[in-house]
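Heads up: the structure comes next, in structure tokens.
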Amino acid sequence: MMNEMQVSVESLDNFTRLLNITVPASQLEERKKQHLLELARKTRLDGFRPGKVPLGHIEKLYGKSIWHEVIEKTLRISLSNALEQKTLNPVSQPHIESIKAAPGTDLTYTARFEVYPPVEVPSLKGVSLEKINVTITEEDLDKVLEKIRRQYAEWIEVPDKACYGDKVTFDIVFSDTAEKTRKDLQWILEPDKIPEGFSALVSSKAGDTLSVSFPHDQESKQTYTATIKVKKVAKAKLPELDDTFAKKLDIKEETMSALKRQTKEHMQIELDNVLREKLKAQIIDKLVALHVIHELPKGVLHQEFQRLEQDIFRQEKQQGKNKKDLSESQKKDLMQLARRRVTLGLLFNAFIEKYQLQADESRVQQYIDRFASAFQYDQMMRDKLYKDKNMLMSIRSSVLEDQVIDKLLEEVEYVEKTADYSEIMNFTSKNQEIGDIL
């Protein structure tokens, strides 16, 4: 009778592997004996001194449950040892099949799983990226301060016709079979920020009824119609930009100069983040273009597709939309995105393994501090994040991804260009997207 575990590997296709594992009966019996001894030490039965219950009596009472525990533990340990012995790295938890186990006989089973494809460690040496240089001007600062000022405006209802800069409150009834209604919508009318079909709101006044037509979205050819009932027009009474305003914003020094300084510092932080994201996007595009992985593990691809699909369904549910199956076109686009994400994951993992990167704990702490500072009870949030293993793992993964990007940015060359702050920060976003109110 053999005393060592026997392991063989079958390659079913480029990625699928089948491990055939046999664990000798002697190992099972030894593990069972250890379980019995441990249980005998703990068991208290009438007629026996503590710890002196015969093993045969223990087996008669608990034999079946002990055997199941032995098999479960042996499966777990033997599979881990077999993967290590054959230097195999499954992309997900192996699926155990064809288990044969009976007292006095060897344990045999198979484990089916996919492995990662061989991946070339990515390099971007000689690649050029566009690096944007931006200087925050006094004009940029003034525009941001004006936006802050408008956030603290006092809105005074007026009987006048609405002008740009006014706030309009209205109900909208969509002329479809469901007769959907949205009540008390509030839009601030700004030039170039009013959705297509809604320009009639400018020059409207309380009590007006408007008929509007508009496309469902930019790609849709279908036109929707709706009736708008204007309820209020309000003009903004803006606070003065002075020390009193700074005090209202809880600026520590309670001065306008301090508000300007802090605002500019915050603008710079936001700008730096946006510029880094633009570089990161270029890095990712270059990686995917230069390091094509033609064939990917089907299981991983399917999991990523399902995850993305669930994200879409969850977003639609949050928006109050009914769940509906994706169109073939949407599925195709989603699969392309899944392929891109899986490819990037493989490339990043290869890079991490080559350079033996580990998440920088100081950066992990900075990440947590930055996230927690947005909450009123920030220390409570910090403690919660450190205790949540899944969240902490996700944060470390994000930090590690940033470290990979940092190293790749050291390899590339740069073509520099200059841009305006407002252009980079995309101040031309629309006032309201139609899709948000449909």
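Count the sequence shown with this note's numbering and you get residues 1 to 438, in order. Cβ atoms here follow ideal geometry from the backbone N, Cα and C, with glycine treated the same way. Note that the coordinates shown come from a computational prediction; the quantities given were computed from them, not determined experimentally.
Classification of residue i by the beta-carbon crowding that lies within 10 angstroms, buried from 16 upward
i      : result
Ile312 : exposed
Gln27  : buried
Lys32  : buried
Thr343 : buried
Ala449 : Since the displayed the chain opens at 1 and closes at 438, residue 449 lies outside it and no answer follows.
Leu12  : exposed
Thr181 : exposed
Ile156 : exposed
Pro90  : buried
Proximal residues to residue i (C-beta, below 7 Å), its chain only, five neighbours per side dropped
i      : result
Ser8   : Asn20
Arg396 : Ala359, Val364
Leu301 : Ala338, Arg339, Val342
Ile251 : Ala258, Leu259, Gln262
Neighbourhood of residue i by C-beta, 8 Å cutoff - its chain only, sequence neighbours within 5 removed
i      : result
Val399 : Ala359, Asp360, Arg363, Val364, Tyr367
Thr137 : Tyr421
Asn14  : Pro117, Glu295
Arg382 : Ile368, Asp369, Ala372
Val404 : Phe348, Phe351, Ile352, Leu357
Asn431 : With a pLDDT of 46 at Asn431, under the threshold of 50, the modelled position of that residue is not reliable, and no figure is offered here.
Bounding residues of the beta strand (DSSP E) (the contiguous stretch that carries residue i)
i      : result
Phe170 : 167-174
Lys264 : From DSSP, Lys264 is part of no beta strand (DSSP E) but of the alpha helix (DSSP H) over 256-290.
His95  : 95-100
Lys143 : Here Lys143 belongs to no beta strand (DSSP E); instead the alpha helix (DSSP H) covers 138-151.
Glu154 : 154-158
Thr181 : 181-188
Leu241 : Element bounds for Leu241: n/a, residue is neither H nor E.
Leu334 : Element bounds for Leu334: not the beta strand (DSSP E) but the alpha helix (DSSP H), 328-355.
Phe113 : 107-114
Ile21  : 16-23
Leu201 : Per DSSP, Leu201 belongs to no beta strand (DSSP E) and is neither H nor E.
Residue range of the alpha helix (DSSP H) that includes residue i
i      : result
Lys387 : 378-387
Lys298 : 298-318
Thr135 : Note, Thr135: premise wrong, no alpha helix (DSSP H); not H, not E.
Ser8   : Ser8 -> not in any alpha helix (DSSP H); beta strand (DSSP E) instead, spanning 6-11.
Ser422 : 421-424
Tyr367 : 361-372
Own chain partners of residue i with C-beta closer than 6 Å, once the 5 adjacent residues on each side are dropped
i      : result
Ser429 : Summary for Ser429: the model assigns pLDDT 45, below 50, so the residue's position carries little reliability; its value from the coordinates is reported in the next sentence. None.
Ile352 : none
Ala111 : Leu19, Leu79, Pro94, Ile96
Leu347 : Pro122, Leu287, His291
Arg307 : none
Nearest-angstrom Cβ-Cβ length linking residue i and residue j, presumed shorter than 8 Å
i      : j      : result
Thr74  : Val23  : 6 Å
Thr223 : Ser213 : 5 Å
Any C-beta of chain C under 8 Å from that of residue i
i      : result
Gln358 : Annotation note: the requested chain C is absent from the structure, which comprises a single protein chain.
Below 8 Å, can you find three or more Cβ-Cβ pairs linking the region 124-133 to the region 408-420?
yes
Contact between the region 164-184 and the region 231-238 is defined here as three or more beta-carbon pairs at a separation below 8 Å; is this criterion met?
yes
Any chance the region 272-291 sits against the region 113-124, with 3 or more Cβ pairs inside 8 Å?
yes
Mind the definition here: the region 179-199 touches the region 267-274 only if three or more C-beta pairs lie below 8 Å; say whether that holds.
no
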